[in-house]
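Residue numbers (numbering that gives the first Met the number 0): 0 to 337.
Here is the structure we will look at.
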Amino acid sequence: MSTHWEYALGHATGDWVTILGDDDGLLPTTLATVRNIIRESSPEFIRSDCCGYLWPIKNQCAHGELSVPTRSGWDFVDAKHALTQALQGNESYRNLPVFYTGSFASKSFIESMKDSSNRLYRSLVPDVYTGVRFSRGSKRVVASRTPLAINGASHHSTGNSHCGNGDKTAAKLFAAENDIPFHKDIPLMRSGEYPPSVHIITYESFLQCADAFPEIFKPLCHRTALRNILLSAGNRRNEITQWGQDFATQHGLDFKKIVRHEFLFSWAKWLSSRTKKIWSQQYYTRVVGSAASPIHDVYAASQLAGRIRDSHGHSLQTACSNIASHLFEKLSKKISVF
């Protein structure tokens with residue numbers, strides 16, 4: 000996949016570039032919003048909150064489901080700090096400057112992020128890799144609270160197939176097309192598959208960056224990395240624990256000691272993540288399709304999201320929510336679990 004993306008970027012023209020997944024879409028106002036952000040802030044990279052769209056899936060969500068962020072505005076963000084938080088398991092990798100659906104990058108910035116062989120991607124997971132690489136490459140990263148895209152999920156989604164418990168067809172195709180070796184410090188699962196953890200994938204991208212750009216990506220302690228990966232294992236706990244044992248053996252780490260240390264952090268980690276999840280839910284409007292009003296494809300989802308955004312656009316409640324959200328984000332940086 001990374002090689003395909005590299006080829007596509009090499010043929011992209013214009014001053015700004017975006018990458019859109021094949022089950023994703025843009026909102027009706029996206030390009031106008033991006034143009035205004037560029038004019039007002041002169042950024043090198045723009046990332047945004049995205050609407051979430053679940054394509055109709057038989058016996059799961061037959062008529063589609065849509066989640067729409069209701070916040071607006073934008074801010075410059077500290078991408079270096081965001082990377083630290085992601086590696087510690089305190090934030091999602093989606094808060095990094097990930098170059099994929101909902102993000103826009105200047106062509107000159109993309110060129111400046113390439114390695115000595117003039118290649119941008121050095122990991123088999125291109126979107127996560129750029130999130131890590133770009134975090135240490137620019138101080139002019141804008142985060143748009145106004146959603147710029149629809150992030151679709153379907154049977155064809157590689158991420159869902161890889162980390163979820165359902166159909167593995169997309170994940171197998173992804174693995175078959177890969178021509179970039181996994182980093183030597185990260186073992187595969189005992190089945191030979193890639194680890195089903197976005198936190199492991201993020202750490203793998205970090206190690207690839209550290210090899211290529213040692214002057215700006217200082218090595219992390221494998222012991223601390225493993226602890227944070229275990230803390231973020233979620234419902235794949237058994238599989239990640241088994242992988243963690245292999246990782247510890249490869250690097251001469253005391254796995255039992257790390258698990259004991261992880262347990263001491265787990266309650267605080269759970270409380271922090273739960274608080275953030277509950278807080279963030281108030282900034283989304285969720286719509287479940289029905290037989291009478293189906294959300295049958297991403298175009299319909301885009302049109303519906305636009306109408307929902309218009310209905311929230313100028314309300315006092317939205318303005319107050321934007322202010323409260325900004326204050327909460329500032330506070331959360333100070334209370335994150337280390």
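For each residue, glycine too, the CB sits at the ideal point set by N, CA and C.
| query | result |
| --- | --- |
| Cut-off 7 angstroms between Cβ atoms - residues of its own chain near D23, not counting five sequence neighbours on either side | T100, A148, I149, N150, G151 and V297 |
| As assigned by DSSP and simplified to three states, the class of D74 | strand |
| Three-state secondary structure (DSSP) of C220 | coil |
| P186 versus E192: straight-line alpha-carbon distance, rounded | 10 angstroms |
| N234 in three-state terms, based on DSSP | helix |
| Given M112 as reference, the closest of A31, A211 and Y283 once Cα atoms are compared | A211 |
| Sub-8 angstroms separation of F103 and V33 beta-carbons | yes |
| Buried or exposed by the 16-neighbour rule on C-beta atoms within 10 Å, applied to E39 | exposed |
| Proximal residues to G20 (C-beta, below 6 angstroms), its chain only, five neighbours per side dropped | T100 |
| In chain order, each alpha helix (DSSP H) run of at least 4 residues that lies wholly inside the region 58-121 | 78-86 and 106-111 |
| Simplified DSSP assignment, three categories, for I294 | coil |
| Straight-line gap, M188 to P146 (C-alpha atoms, nearest Å) | 36 angstroms |
| G305 in three-state terms, based on DSSP | helix |
| Assigned secondary structure, F398 (DSSP; H/G/I helix, E/B strand, else coil) | Residue 398 lies beyond the range of the chain shown here (0 to 337); nothing can be said about it. |
| Test item: CB-CB of I257 and R308 under 8 angstroms | no |
| Stretch pair the region 229-249 + the region 274-286: three plus CB contacts closer than 8 angstroms | no |
| Neighbourhood of Y120 by C-beta, 7 angstroms cutoff - its chain only, sequence neighbours within 5 removed | S1, W4, E5 and Y128 |
| 6 angstroms Cβ shell around R235 - same chain, five flanking residues per side excluded | P195 |
| For I37, the nearest candidate out of W54, F75, G51 and E90 (CA to CA) | F75 |
| V140 versus V67, V287 and S41, residue with shortest Cα-Cα distance | S41 |
| Assigned secondary structure, F212 (DSSP; H/G/I helix, E/B strand, else coil) | coil |
| Buried/exposed call for S289, threshold 16 Cβ in 10 Å | exposed |
| Counted within 10 angstroms of its Cβ, other Cβ atoms place I18 as buried (16 or more) or exposed | buried |
| Nearest-angstrom Cβ-Cβ length linking R144 and S71, presumed shorter than 8 angstroms | 6 angstroms |
| Residue burial classification, S66 (beta-carbon count within 10 angstroms, cutoff 16) | buried |
| Per-residue burial, T12 [other beta carbons within 10 Å of its own, 16 or more giving buried] | exposed |
| Separation of F181 from L53, as counted between CA atoms | 30 angstroms |
| Cut-off 7 angstroms between Cβ atoms - residues of its own chain near F337, not counting five sequence neighbours on either side | Since pLDDT at F337 reaches only 40, below the 50 mark, its modelled position is unreliable, and the value read off the structure follows with that caveat. So the qualifying residues of the chain are Q87. |
| Status (buried if at least 16 other CB within 10 Å, exposed otherwise) for R285 | exposed |
| Among F254, R46, Q280 and I200, nearest to R338 - alpha-carbon criterion | Given that the chain is displayed from residue 0 to residue 337, the structure contains no residue 338 and the question cannot be resolved. |
| Three-way DSSP call (helix, strand, coil) for S190 in this model | coil |
| Beta-carbon gap between I179 and H198 smaller than 8 angstroms | no |
| Strand pairing of N177, partner residues [DSSP] | For N177, which the question treats as bridged, DSSP gives no partner whatsoever. |
| Residue burial classification, I215 (beta-carbon count within 10 angstroms, cutoff 16) | exposed |
| Within 8 angstroms, strictly: CB atoms of Y282 and P55 | no |
| Selection from G51, A85 and L82 that minimises the alpha carbon distance to S301 | G51 |
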